[in-house]
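Heads up: the sequence shown begins at 1 in UniProt numbering, then just goes up one per residue. We put the CB at the ideal spot given by N, CA and C, even for glycine. Remember, it's a predicted structure, so these values are computed and weren't measured experimentally.
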Amino acid sequence: MAIATPHPFHVTVVGAGTTGLLLAQGLKSAGVSCTVFERETSETYRTRPREWGMTLHWAAELVWKKLPKDFNDRLRSIRCNPFHDNTPGEDDFLPVCNGITGEVMLKMHGDSPIRVSRSKMRALFSEGLDIQHGKKIVQVTYSGSTVTATFEDGTGTTGNILVGCDGAKSKVRELVVGSEAAQMTVMPINTFNFNQKFTAEQALHLQTVHPLFKMSYYPETAEMFWLSIQDVPDPDKPETWLFQLMMSWGGSPTLEEMPTNEDRMRVFKERAQRWAEPWKTAGLNVTDDTEIYAAPATYWMPTAWDNHNGMITLAGDAAHPMPPHRGQGLNNAMQDASNLVDALTDHAARAYLGEAIDAYEAEMRERASKEVQISKEQATKSSDWKTFMDTPMVRIGMKRQADAVAAA
């Protein structure tokens, strides 16, 4: 097995998602040697059909500070709609509407929220980095002050620290805490999540209520229907715009009761026809050949693990996957990456790596555990209309958990 020996201090990042890429960019800017290993091939990494948007709000400043300065004039390119700017007081919030009447029930405010594209973020953040594709990690071993990762293809790499940024189904998490302990908890909440284009007339209609995103709840069944802009290639050609649609509910039908895409399409359209506009138009005009991706809500509560004196740790969804119902996953992941950059670019901290990583994990674990719990509560209570008005979303909006507590 070919092993690359680190000299000098070297960071191994497993996972080329937004967390791993921001970490790598921050380290590169600070002059710290770093290599990113991604399980997908370069082809599937660029062409995989799944795409979705994320809401970046309180962590935006952390992101901008860790990216190279020459990225500044290109940051707009990661937005779902790069031609739109939020107007304070007019559209710097997420409207939450009654699914029967369409009435705006509340405006969920955040810190200048913007919708960003997962694929656009990965494309920009990966520029200039040392990324090796087709690397599925299977083993981790430790020797002295180094950690070695072995990949499925028989190759390996050695560094001073390995950071698992490989997503909610993290293999690194499994290697750190064991296969059974690494399993996520599955909630009895089901979600459809997919993209769709519409005619120019329909696309313009879908921009009513809010130009970026809007969420609605159906009181009689406590179903949630999310509608947002995903990509605007040409602002003058609405027929080219791509939208993200997401529907979530608790109980029946379960995903097991909808094994085929035809089953999922039937359920989706049966439910969508009851909705107020513009959700009804969006739902009924989804084309029958559209793939409807389905998944349950899941989470994993970050627990203490053996970081082998700072030689291995986790960040982002690998460390704390959470339900998406309060829009906190990306922002907490970006804070993880930012905090790790600070820890690993401090020469004194690197001399005492175990203490630095212990401190990183203590802060991350406390912050993320609270947010996982809050997001669980949001997912559960929003699946029952009787408890909807007591959800964290209603009480504290999209604010960072610590800021919400301070303001209370």
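- Residue burial annotation: Gly154 is exposed, with fewer than 16 other C-beta atoms found within 10 angstroms of its C-beta.
- In the DSSP assignment, Pro95 forms a beta bridge with Lys107.
- By the Cβ test, the stretch 324 to 331 is in contact with the stretch 54 to 70, since at least three Cβ pairs between them sit closer than 8 Å.
- Annotated as distal: Gly159 and Ala319, with beta-carbon spacing of 9 Å or more.
- Note on geometry: alpha-carbon atoms of Thr141 and Ser29 lie some 28 Å from one another.
- With contacts defined by Cβ atoms closer than 9 Å, Thr313 and Glu361 form a contacting pair.
- Remark: C-beta atoms of Ala297 and Thr148 do not approach each other more closely than 9 Å.
- Annotated three-state conformation of Arg79 is strand, per DSSP.
- One alpha carbon belongs to Asn86, the other to Ser112, and they sit about 7 Å apart.
- With three or more CB-CB distances shorter than 8 Å, the stretch 210 to 223 counts as touching the stretch 93 to 110.
- Following the DSSP letters along the chain, one finds Asn332 inside the alpha helix (DSSP H) bounded by residues Gly329 to Leu344.
- Counting the other Cβ atoms within 10 Å of the Cβ of Asn72 gives fewer than 16, which makes it exposed.
- Three or more Cβ pairs closer than 8 Å define a contact, and the stretch 243 to 263 meets that threshold against the stretch 218 to 230.
- By alpha-carbon distance to Arg50, the top candidate from Val36, Val232, Ile292 and Trp305 is Ile292.
- Assignment of Arg115 by DSSP, reduced to helix, strand and coil, places it in the strand class.
- Bridge pairing for Leu124: absent [DSSP].
- For the pair of segments examined, the stretch 177 to 186 was found not to touch the stretch 32 to 51: the number of CB pairs separated by less than 8 Å stays below three.
- Per DSSP, reduced to three states, the secondary structure at Lys197 is strand.
- Taken through DSSP and simplified to helix, strand or coil, Ser369 comes out as helix.
- The beta-bridge partner set that DSSP reports for Asn190 consists of Trp249 and Pro296.
- Beta bridge pairing from DSSP links Met224 with Tyr217 and Ser248.
- When Ile374, Lys65, Ser383 and Asp384 are compared, the shortest CA-CA separation from Arg395 is found for Ile374.
- Pro321 has its alpha-carbon roughly 31 Å from the corresponding atom of Glu270.
- By the neighbour-count criterion, in which 16 or more other beta carbons inside 10 Å mark a residue as buried, His10 falls on the buried side.
- In this structure, Tyr299 and Lys376 form a Cβ contact; the two beta carbons are roughly 6 Å apart against a cut-off of 8 Å.
- The shortest CA-to-CA distance from Ile161 to any of Asp384, Trp64, Leu27 and Thr287 is the one to Leu27.
- Assigned with DSSP and collapsed to three states, Tyr360 falls in helix.
- By the neighbour-count criterion, in which a residue is buried when 16 or more other Cβ atoms sit within 10 angstroms of its Cβ, Trp64 is exposed.
- Judged by beta-carbon spacing, Ala337 lies within the 9 Å limit of Leu23, meaning their Cβ atoms are closer than that value.
- The residue from Ala343, Ala368 and Asn309 with its alpha-carbon nearest to that of Asn332 is Ala368.
- Cβ-Cβ separation between Leu227 and Trp279: approximately 6 Å, consistent with a contact (criterion under 8 Å).
- Residue state for Tyr352 is assigned as coil, using DSSP reduced to three classes.
- Ser143 counts as exposed, since fewer than 16 other C-beta atoms from the protein chains shown sit within 10 angstroms of its C-beta.
- Annotation: Val286 is outside any beta strand (DSSP E) and is labelled neither H nor E by DSSP.
- Beta-bridge partners assigned by DSSP to Tyr45: none are found.
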